[in-house]
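For reference, the structure is listed below as structure tokens.
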DNA sequence: ATACTAAGTATATAAAAGTATACTAATGGA
DNA sequence: TCCATTAGTATACTTTTATATACTTAGTAT
């Protein structure tokens, strides 16, 4: 391994895991990767079991990480659309190799 | 994205993130990837800040996932050596692409 | 007037993950 | 005899992460 991330607090791999980790981040990224853009409540409906609080927090985090873009239209009732940014889109093939590894190596305990 | 991991409890990508997630799993994999095999206390010394309890738990988990192999020699004082299994080794290039993504896309908040 | 909508916020609570501390075994060395 | 060593276990505790519930805003439809 070329990069030593053992001791480094700002290690890029740890960072990537922070971005995609957590209970809902990966499912959110999956849905966003399949839609050019999607509204808050539609996202919530597809993420069976998520609460509004959780969805809001996750989206905020992903926006702060520069993975997700938020577009707000000042209408009533409000319309807010979420989409992947460029760096979010670059994460997708990476997640796909995770899927491939998982499919090959999963161990049911 | 070809695989739908939104609703699936046993989704391969979620599984992969479980395996590498947690505070110490990634640093442990990094050290193991750089050593053919390594003893418990040497691993502990290199993982600055980890407690024995935490290291033991993580190693157990990684062994259960089939990522790490444990070889015990019945000597006194005891000697136990840890190494990556084949599926652990297959995880390394994947982590390396995480590093690459992180280096390119990291956002300091 | 009242109810309904979307996209949240605020607050409290529960569950999960991680940490600290003390303890164990068998042997070798001072 | 007493201390050090390795690779842990057992227990209690703290911190972090996730959830449940009630409330908000402004306009539109009944």
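Residue numbers (the numbering used here), protein chains in the order written: chain B, 30 to 138; chain G, 30 to 138. For glycine and all other residues, C-beta sits at the position ideal for the given N, C-alpha and C. Treat the numbers as computed from the prediction; the structure is a model and nothing was measured.
Under 7 Å from the C-beta of residue i: neighbouring residues of chain G
{"i": "residue 43(B)", "result": "55"}
Closer than 8 Å to chain G by CB, residue i
{"i": "residue 119(B)", "result": "yes"}
{"i": "residue 123(B)", "result": "yes"}
{"i": "residue 109(B)", "result": "no"}
{"i": "residue 94(B)", "result": "yes"}
Beta-bridge partners of residue i, as assigned by DSSP
{"i": "residue 126(B)", "result": "In DSSP, residue 126(B) forms no bridge with anything."}
{"i": "residue 60(B)", "result": "BP columns for residue 60(B) are empty, so no partner."}
{"i": "residue 49(G)", "result": "BP columns for residue 49(G) are empty, so no partner."}
Test: residue i CB closer than 8 Å to a CB of chain B
{"i": "residue 112(G)", "result": "no"}
{"i": "residue 135(G)", "result": "yes"}
{"i": "residue 49(G)", "result": "yes"}
{"i": "residue 128(G)", "result": "yes"}
{"i": "residue 101(G)", "result": "no"}
Within chain G, the residues that residue i reaches when beta carbons sit closer than 8 Å
{"i": "residue 81(B)", "result": "The contacting residues do not exist; residue 81(B) stays about 18 Å from chain G at best."}
Within the segment 75 to 135 of chain G, ranges of the alpha helix (DSSP H) (whole runs, at least 4 residues): Annotation note: the segment 75 to 135 of chain G contains the following uninterrupted alpha helix (DSSP H) runs of length 4 or greater, listed N- to C-terminal: 81 to 93, 115 to 118 and 121 to 134.
Any 3 or more C-beta pairs closer than 8 Å across the segment 40 to 53 of chain G and the segment 84 to 92 of chain G: Contact between the segment 40 to 53 of chain G and the segment 84 to 92 of chain G is established, with three or more Cβ pairs separated by less than 8 Å.
Three-pair Cβ contact test at 8 Å for the segment 63 to 80 of chain G versus the segment 116 to 126 of chain G: Flag = no, the segment 63 to 80 of chain G and the segment 116 to 126 of chain G do not touch.
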